[in-house]
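Colleague:
In my numbering, the protein residues as written are 18 to 200.
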């Protein structure tokens with residue numbers, strides 16, 4: 018951190034007297050800039066391994082809750098999707114309510130605090146971005162707005178590029194060369 022502060026002060030005009038007064042975990046970045054979408058992912062969706070007709074990817078990540086313990090110390094409380102399951106993330110979570118031509122992905126997608134704590138990491142963000150990009154293409158190709166695109170077309174396009182939208186029937190081989198067995 019000190020390196021970056023020195024770099025900015027030396028190399029970026031206007032930063033000569035800059036000071037760090039807070040970091041993202043102190044100012045609550047996770048809780049800012051989240052939209053209300055056509056659907057809002059909830060903790061119950063995650064913990065009940067819900068699936069949706071318009072799901073754009075699966076998530077099996079636990080809910081990661083950073084909080085203060087009874088003693089005042091910082092702790093992380095984990096809640097896992099039961100039985101090693103996964104839940105579907107609906108398309109409506111990346112379409113802002115009442116929007117015609119906007120998609121949102123990553124930390125600003127539509128979710129409650131708890132669901133967000135499960136579905137905000139890099140892999141999920143990449144899946145949201147992939148779905149939003151394909152949805153935008155379909156929207157342009159068919160002259161349909163964000164809310165009215167054909168979900169079957171979107172899901173077929175996602176599957177065509179390797180997205181997994183349903184729980185696999187068998188456990189993946191994760192050995193060194195196991196990827197060859199997962200076709």
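All residues carry an ideal CB built from backbone N, CA and C; glycine is no exception. Because the structure is a prediction, the values reported are computed rather than measured.
Do the CB positions of residue 108 and residue 152 come within less than 9 Å of each other?
Modeller: Contact: yes.
Colleague: Closest to residue 121 by CA distance: which of 23, 145 and 133 is it?
Modeller: Of 23, 145 and 133, the residue nearest in Cα terms is 145.
Colleague: Just curious, the beta strand (DSSP E) that residue 168 is in, first and last residue?
Modeller: Where residue 168 is concerned, there is no enclosing beta strand (DSSP E), although the alpha helix (DSSP H) it sits in stretches over 168–177.
Colleague: Nearest by alpha-carbon distance to residue 131: which of 176, 98, 198 and 149 is it?
Modeller: Of 176, 98, 198 and 149, the residue nearest in Cα terms is 98.
Colleague: Jot down the residue ranges of each uninterrupted beta strand (DSSP E) in the region 55–84, minimum 3 residues, whole runs only, in chain order.
Modeller: Qualifying beta strand (DSSP E) stretches, in chain order: 72–76.
Colleague: Would the beta-carbon of residue 127 fall within 9 Å of that of residue 55?
Modeller: Yes.
Colleague: Taking the continuous alpha helix (DSSP H) assigned at residue 159, which residues delimit it?
Modeller: Its alpha helix (DSSP H) spans residues 139–159.
Colleague: DSSP state of residue 196, grouped into three classes?
Modeller: DSSP places residue 196 in helix when its eight states are reduced to three.
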